[in-house]
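Structure first, commentary second.
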Amino acid sequence: MNNKFDYNLIKTLVLIFETRSMTKSAQALGISSPTLTYALNKLRDYYNDPLFFKSVKGLKATPLANQLYPSFKKIDEEISHSVMITTDVTPEISNVIIRTNTMIEYYLMDKLLENNKFPEELNFTFNNRIMLEDQRVTALVSREVDIDIGSAIKLNHSFISTKIAQSRIIGLCRDGHPRIKNKLSSEQWMAEEHIVLSSAETNAYLPEKLYGLSHQRNIRYRSNSLLNMLYCIEKSDFVMFFPAFLLKHIPAHLALRRVEIPWMEEDTLDIYAYIHSKAKNDERLERIIQLLKK
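One point on numbering: in our numbering, the residue at position 237 of the sequence shown is 237, and numbering is uninterrupted.
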């Protein structure tokens, strides 16, 4: 074992252990893959142990790495906490980047513009790109986005979650639909033609019961945009699932009908807002999140 230890390598081991990926760890640290490999090799030399090796599920920790991780993580969190409490100045954020779907973007902008609540000191960029869970985690850890709003993702010490809604799931169709009134049985619903979010987002947002029925439905249109889906519903006899908490934010000029789905009454859709742990004292991000909860 080498006598000199580089304490900058603590974060390296923590991230590789948690992400099981050199690429994701390099992105989170803001360094190149060769630089991360060099850092990992320094750790390996110091402990005279490979620490991680490749497996079918990504990098797997050796017994020594498993032993080191808890103490390394604790040190990393204490350092992060110390950095936060030693500064009274909130970092300037001229542009807030928010990853979410188009309907929640519309919902948030509606709230911000209502009664002139749009903050003068902030600009907003919305990212509506469909992301899998590990992509969302990487974007948060690497500070690619300031706020991620969507379905639940596995907790990570690098970010903080806030539940902004727990919503029932209802159906939507156009006013004047020839077959649909106010309620639908599962058989009636499944007999209709459907519009759905693209597969990655559908998997993330809908309860397992609904996602498992996807292969049984006649799906005519897939989209990344909930807003486009609403316009398509109004101009067709297609149907779709929709979170009830967003009903009041549907554009008023759209002639849509709410459809109760009794066989879905016990299922809910949970929506969370995530920010990086180092931004937990940022009042501007907190203000945006609290606005979403109203």
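Glycine residues also receive a C-beta, built at the ideal position from the N, C-alpha and C atoms. Here the structure is a predicted model, which means the values were calculated and not measured.
Residue interval of the alpha helix (DSSP H) (run including residue i)
| i | result |
| --- | --- |
| E192 | Run containing E192: none; DSSP gives neither H nor E here. |
| S94 | Per DSSP, S94 belongs to no alpha helix (DSSP H) and is neither H nor E. |
| K293 | E283 to K293 |
| E110 | It is Asp, not Glu, that sits at residue 110 in the sequence shown. Its alpha helix (DSSP H) spans residues T102 to L113. |
| F17 | L9 to T19 |
| A28 | M22 to L29 |
| D45 | S33 to Y47 |
Proximity winner among the options, relative to residue i (alpha-carbon distances)
| i | options | result |
| --- | --- | --- |
| P70 | V14, Y107, L108 and L140 | V14 |
| L51 | L9, G30, E77 and L197 | L9 |
| P178 | L132, Y46 and E234 | E234 |
| T162 | T12, L285, S225 and L184 | L285 |
| I219 | L197, L230 and A65 | L197 |
| S223 | K74, I288, M103 and F17 | M103 |
| L64 | L113, D49 and I75 | D49 |
Buried versus exposed call for residue i [16 or more other C-beta atoms within 10 Å across all chains shown]
| i | result |
| --- | --- |
| P262 | exposed |
| A139 | buried |
| V145 | buried |
| V56 | exposed |
| D6 | exposed |
| A252 | exposed |
| L36 | buried |
| F118 | exposed |
| L132 | exposed |
| D148 | buried |
| K280 | exposed |
| A255 | exposed |
| N101 | buried |
| G150 | buried |
| V89 | Residue placement at V89 cannot be trusted, given a pLDDT of 47 that sits under 50; what the coordinates show is reported in the next sentence. Classification for V89: exposed. |
| L226 | buried |
| I288 | buried |
| T19 | buried |
| L269 | buried |
| R12 | According to the sequence as given, residue 12 is Thr; it is not Arg. Burial call: buried. |
| P34 | exposed |
| T87 | With a pLDDT of 48 at T87, under the threshold of 50, the predicted position of this residue should be treated as unreliable, though the coordinate-derived value follows. Label assigned to T87: exposed. |
Continuous beta strand (DSSP E) stretch holding residue i: start and end
| i | result |
| --- | --- |
| D237 | Per DSSP, D237 belongs to no beta strand (DSSP E) and is neither H nor E. |
| L256 | L256 to V259 |
| R222 | N218 to S223 |
| K248 | First-last for K248: undefined, no H or E at that position. |
| A273 | T268 to H276 |
| S55 | F52 to S55 |
| A279 | Per DSSP, A279 belongs to no beta strand (DSSP E) and is neither H nor E. |
| A61 | G58 to A61 |
Query raised in the report: What runs of the alpha helix (DSSP H), each 4 residues or longer, lie entirely inside the segment 115-202?
Result: Inside the segment 115-202, DSSP marks whole alpha helix (DSSP H) runs of 4 or more residues at positions 133-141 and 186-191, from first to last along the chain.
Query - Touch test, the segment 241-259 against the segment 165-178, Cβ-Cβ under 8 Å, three pairs minimum - result: With a cut-off of 8 Å, the segment 165-178 and the segment 241-259 count as touching, because enough Cβ pairs lie within range.
Query raised in the report: How do the segment 275-292 and the segment 92-110 stand: do at least 3 beta-carbon pairs fall below 8 Å, yes or no?
Result: Taking a contact to require three or more Cβ pairs closer than 8 Å, the segment 275-292 and the segment 92-110 qualify as touching.
Query raised in the report: Three or more C-beta pairs closer than 8 Å, one from the segment 268-282 and one from the segment 184-192: is that the case here?
Result: By the Cβ rule, the segment 268-282 does not count as touching the segment 184-192, because fewer than three pairs are nearer than 8 Å.
Query raised in the report: Are the segment 41-49 and the segment 17-31 touching, with three or more C-beta to C-beta distances below 8 Å?
Result: These segments do not touch.
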